[in-house]
Amino acid sequence: MNTSKRGDHLFAAGLLKAIRDVADMMSRSKIGDTSEGRVLHASIASLQRSLTGGAFDTTVNRGRIVSGSDPHSVAFGRASRDFTQSMSSLVFVLEHRRDLGAEKDQAKRNELVMQAAKLVTDAKLYAELAVKRMFDAAIDPAVLKQITQGAGDKPRDTEIANARSALQQVRGAILAGIGKM
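Next up, the structure:
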């Protein structure tokens, strides 16, 4: 199927969806019952508004025939999938750690707590890497190059700079939330 694509997004169209999916997953889990979970969920949920409108809706029509996904969409799709899965894993191990209080045997409980601490550390690391990868892949370099080549457009350039700044703030806030766990 060859169709003319409506446009290539400067910022990955799936970015907001990935963040919403994680926020929804967190709200359905028991992690929202914990203080650390509430902090991360509130952070992710409130930051969604920062990634809408303005330059986040910028598209260019490269006039190319499309027969499949473009390289940026594939790369972002993988990074987005990894983000969602890593955050799901983090939520799972945090829930597991919370459930250890039911173990009555103190020696067994201590062993399980040590294992859970290692799992949480690993899950946090993977989640942090996935956040970084997804946000690194959020901007399509080919679209950015096409938009910024030629004569400068101060309002457009300012809008793009503001959107990139918002992107970095959201990235930093999510990483800070993970770091507090």
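Numbering (UniProt numbering), first residue to last: 1 to 181. Beta carbons are placed, not taken as given, at the ideal position from N, Cα and C, and that holds for glycine.
Assumed close pair residue i, residue j - CB separation to whole angstroms, cut-off 8 Å
i, j, result
"I147", "V60", "6 Å"
"L15", "A138", "5 Å"
"S88", "M134", "Not a contact, Cβ separation roughly 14 Å."
"V93", "A116", "7 Å"
Residue i: first and last residue of the uninterrupted alpha helix (DSSP H) it sits in
i, result
"F92", "P71 to R98"
"F135", "Q106 to D136"
"D24", "L15 to R28"
"G177", "K154 to G179"
"A42", "S35 to L47"
"A142", "P141 to T148"
CA-to-CA distance, residue j to residue i, given in whole angstroms
i, j, result
"H9", "L144", "9 Å"
"F11", "L112", "43 Å"
"L47", "A142", "26 Å"
"I31", "E95", "6 Å"
"Q149", "D136", "21 Å"
"D153", "D140", "19 Å"
"A23", "V39", "12 Å"
"V91", "A79", "18 Å"
"R97", "I178", "15 Å"
"F76", "S69", "11 Å"
"L119", "A102", "18 Å"
"V170", "S27", "19 Å"
"D122", "P71", "30 Å"
"Q168", "N162", "10 Å"
"S73", "G7", "12 Å"
"G37", "R109", "22 Å"
"P155", "R49", "21 Å"
"H41", "S29", "11 Å"
Candidates the options: closest to residue i by CA position
i, options, result
"R164", "L40, A23, D57 and S29", "D57"
"I174", "F92, T34 and S86", "S86"
"D99", "V170, T34 and S69", "T34"
"L51", "R81, S73, I19 and V91", "I19"
"E128", "A107, Q169 and A176", "A176"
"F83", "L125, A116 and A117", "L125"
"G53", "V74, R81, A13 and S43", "A13"
"R81", "E36, K17 and A42", "K17"
"D21", "S73, I44, D105 and P155", "I44"
Buried versus exposed call for residue i [16 or more other C-beta atoms within 10 Å across all chains shown]
i, result
"V131", "buried"
"D157", "exposed"
"G172", "exposed"
"K180", "exposed"
"A55", "buried"
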